[in-house]
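Data first, discussion second: the structure below is written as structure tokens.
In full-length UniProt numbering, the protein residues as written are 1 to 688.
The following block contains the structure:
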């Protein structure tokens with residue numbers, strides 16, 4: 001008989017042994033091709049639950065093991081100690097400038113400004129920001145720093161309880177401590193602790209020290225305008241202290257307005273009250289610890305910037321102290337450079353009698369070829385009075401001292417030929433432009449002797465030869481702006497720029513690719529110029545400048561401070577030919593006695609035909625590369641002043657002050673070779 005209806009249910013067969021076996025269906029059966037690799041929603045859900053459970057277990061473990069330590073012990077201040085290259089102590093900076101005040105002594109306007117700028121939901125959040133944690137996780141997945149938008153509670157935890165490293169473990173402990181702290185302290189207590197431990201720049205920790213540093217008053221006396229500026233500084237005083245630079249001033253004003261407007265949005269300030277604060281509250285002039293007087297403050301500034309760049313430490317974290325910092329600075333050479341600058345300026349300048357001798361600034365730096373160690377620098381007369389570091393500043397055009405990079409690019413790449421598809425033409429330092437403006441390779445047909453011994457009084461790039469055709473080597477010596485402007489165009493300004501950056505100049509110091517780019521409108525620092533010229537000294541091998549060899553924090557050595565590795569950026573023969581050409585500059589510029597003392601020397605300098613408000617002399621021996629720059633800059637004038645007439649009138653060079661960097665360079669280099677510690681620039685022993 002035929003049966004109708006559904007088939008009876010038959011239980012599945014059990015595996016042999018009488019027991020069921022658990023098996024994950026992956027790759028999935030019953031699917032074909034790549035679909036077998038697509039997990040089911042149950043599998044995805046299971047993986048998600050396992051991951052969430054693992055994270056929850058990890059967070060629970062960390063939460064149960066972290067403890068809120070004694071605040072005073074955790075926040076105890078220590079000094080930073082800086083050492084010379086030989087291991088002797090240079091200076092001890094600190095301890096932390098902080099004076100705790102109760103929240104009742106902090107005006108509501110400052111409390112509201114900080115909350116508006118840093119954490120608008122402070123009074124309602126659980127101590128952490130879900131969005132901030134999410135950004136930290138995404139950053140970690142991308143391989144970036146483990147950080148995110150922290151709440152005030154998290155920042156207080158980081159300031160007070162934790163070490164400054166950027167790791168997943170530290171971020172997790174920060175999160176757990178923030179939650180615990182929110183459960184054990186009131187919001188008012190957390191805010192008070194945060195405002196007393198935060199860094200505001202100028203070595204000021206906490207609002208009381210910041211109020212004194214910026215406005216010379218107690219925190220309780222701050223009005224909403226000044227409070228808004230202090231709140232703005234929490235974003236990063238190095239970028240928002242208006243006294244440090246014009247760019248900082250612009251950022252500070254914009255941030256100040258934002259903080260005030262944000263308080264209106266959040267209901268902390270009425271529009272009528274906001275309308276009272278339209279004039280930016282200029283802080284008073286910065287004061288610096290007398291322990292950083294003379295050149296010491298400039299040396300510490302360069303070392304700190306290098307540490308921040310290589311380790312990820314912020315200026316605020318570094319300023320809390322406890323670090324032992326071994327630098328590359330040679331105490332003898334620093335002192336020789338300082339004495340040389342002071343002696344040359346005393347002999348050459350008379351600011352009481354000549355207006356043109358006033359506001360003259362000098363910056364200088366020495367780098368060791370081969371490894372890039374910064375051995376000495378001169379940043380200005382006194383770091384406690386002149387805050388800009390002239391050895392590490394940009395904004396001073398380099399003039400004809402840039403031409404060796406143009407020559408090197410021509411030797412390395414050749415010049416463009418007439419046809420777009422034609423190969424580039426080779427160039428040597430003896431190549432010259434003929435009457436038709438075509439760069440001709442080879443040695444120009446010139447008489448064996450020059451018609452005259454002097455070079456002044458001749459037109460740009462024109463020598464007293466019968467042909468009047470200077471080679472690239474000769475144009476390098478005597479000025480030749482038109483020759484090198486044309487050469488830069490023929491090589492390709494982008495190639496010139498890339499080569500200059502490749503030898504060590506910073507991209508942001510490069511001028512726009514315009515015609516005068518090739519003759520020195522770029523504005524590198526003295527440190528970078530000395531280092532870039534050291535690339536020629538090392539046959540085209542570049543090593544980035546460095547100023548710190550080791551840093552320890554409470555006995556633990558920080559990573560990321562290994563000396564930068566060298567790399568070949570120029571053909572060795574190209575670098576040697578540039579050096580040979582620059583030795584002609586040295587012969588033209590230096591007296592024979594000086595040459596005998598420091599030879600062999602290769603050098604570049606600004607020429608008499610430069611029309612830029614700065615003068616440079618950069619030169620090197622096999623052991624030392626030194627750059628010296630001279631310019632005039634009166635604070636508040638908004639730019640460089642002309643050098644015409646500096647030092648008195650007495651020749652084309654002195655009319656522009658060109659003699660000053662040459663005198664400083666030659667006197668310093670001679671003293672360095674002859675004086676104590678001279679005659680051998682050996683590498684320091686490995687730091688312990």
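All C-beta atoms, glycine included, are put in the ideal place defined by N, C-alpha and C.
Since this is a predicted model, take the numbers as computed values, not measurements.
Which word fits residue i, buried or exposed, when buried means at least 16 other C-beta atoms lie within 10 angstroms of its C-beta?
i, result
"residue 467", "Annotation note: pLDDT 46 at residue 467 (below 50); position unreliable, coordinate value reported separately. It is exposed - the Cβ of residue 467 has fewer than 16 other Cβ atoms within 10 Å."
"residue 190", "buried"
"residue 46", "exposed"
"residue 278", "exposed"
"residue 669", "buried"
"residue 686", "In this prediction, residue 686 has a pLDDT of 36, which is less than 50 and means its spatial position is unreliable; what the coordinates show is noted afterwards. Exposed, since its Cβ has fewer than 16 Cβ neighbours within 10 Å."
"residue 333", "buried"
"residue 602", "buried"
"residue 575", "buried"
"residue 556", "exposed"
"residue 30", "exposed"
"residue 643", "buried"
"residue 577", "buried"
"residue 186", "exposed"
"residue 89", "exposed"
"residue 38", "exposed"
Can you find a C-beta in chain B that's less than 8 Å from the C-beta of residue i?
i, result
"residue 81", "The structure shown contains no chain B, having only a single protein chain."
In this structure, how does DSSP classify residue i when only helix, strand and coil are distinguished?
i, result
"residue 325", "strand"
"residue 631", "strand"
"residue 362", "strand"
"residue 120", "coil"
"residue 548", "strand"
"residue 280", "coil"
"residue 296", "helix"
"residue 26", "coil"
"residue 405", "helix"
"residue 262", "helix"
"residue 542", "strand"
"residue 374", "strand"
"residue 440", "strand"
"residue 497", "helix"
"residue 44", "helix"
"residue 487", "helix"
"residue 49", "helix"
"residue 673", "helix"
"residue 331", "helix"
"residue 274", "helix"
"residue 385", "coil"
"residue 106", "coil"
"residue 184", "helix"
"residue 647", "coil"
From the options, pick the residue whose C-alpha is nearest to that of residue i; which is it?
i, options, result
"residue 344", "663, 632, 215", "663"
"residue 526", "576, 472, 394, 613", "394"
"residue 672", "628, 623, 313, 646", "623"
"residue 339", "319, 315, 606, 380", "380"
"residue 585", "532, 556, 474, 513", "474"
"residue 107", "268, 159, 643", "268"
"residue 519", "542, 291, 484", "484"
"residue 205", "305, 92, 317", "317"
"residue 532", "313, 562, 551, 505", "505"
"residue 548", "360, 568, 503, 373", "373"
"residue 631", "621, 619, 647, 625", "647"
"residue 428", "410, 199, 111", "410"
"residue 472", "494, 503, 306, 405", "405"
"residue 660", "367, 628, 633", "628"
"residue 709", "245, 263, 264, 254", "Nothing in the structure corresponds to residue 709, since the chain is present only between 1 and 688."
"residue 378", "254, 193, 228, 342", "342"
"residue 86", "540, 583, 328, 487", "328"
What does DSSP give as the partner residue(s) for residue i in the beta ladder?
i, result
"residue 690", "Here the chain has residues from 1 to 688 only, and residue 690 is not among them."
"residue 625", "367, 620"
"residue 415", "425"
"residue 98", "205"
"residue 471", "432"
"residue 199", "205"
"residue 641", "632"
Checklist entry - Unbroken alpha helix (DSSP H) runs of length 4 or more, entirely within the stretch 554-621: which are they? => result The qualifying runs are 572-589, 592-598.
Item to check | Continuous alpha helix (DSSP H) assignments of at least 4 residues falling wholly in the stretch 208-268 | outcome: For the stretch 208-268, whole alpha helix (DSSP H) runs of length 4 or above, ordered along the chain, are 224-233, 237-240, 246-265.
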